[in-house]
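In my numbering, the protein residues as written are 86 to 182.
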């Protein structure tokens with residue numbers, strides 16, 4: 086789990102290179118405060134893009150319905166073995182060729 090620290094903006098300014106390194110390398114998160122109140126977050130671009138992708142997916146009604154259905158199928162044991170998946174992929178590849 087990534088570390089989460091809350092620091093004042095004056096400290097963040099003084100440590101920005103270190104904070105950026107930690108965010109990029111270790112996926113740490115920083116809440117930066119102004120006048121004692123949380124104001125902004127410092128997170129990696131990769132995490133931000135991942136969150137945006139997740140929000141896009143969750144705002145797509147059809148994709149969300151598919152996710153719900155897959156969870157229901159899994160809970161009911163309606164799954165395929167790895168061998169069945171491989172066989173189906175091979176069947177589709179040979180049909181496409």
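Note that beta-carbon positions come from the ideal geometry of N, C-alpha and C, so glycine has one too.
Short of 8 Å from the beta carbon of residue 126, and not among the five residues preceding or following it, lie these beta carbons of its own chain, in chain order: 114, 115, 116 and 117. DSSP, read as helix, strand or coil, puts residue 165 in coil.
Residue 176 and residue 136 have their C-alpha atoms roughly 35 Å apart. Secondary structure within the segment 110-170: the alpha helix (DSSP H) runs of 4 or more consecutive residues, fully enclosed, are 130-143 and 146-160 (chain order).
Scanning its chain for C-beta atoms nearer than 8 Å, with the 5 sequence neighbours on each side dropped, one finds no residue around residue 174.
Nearest to residue 119 by C-alpha distance, out of 109, 102 and 94, is 94. Spanning the alpha carbons of residue 170 and residue 89 requires a straight line of approximately 40 Å.
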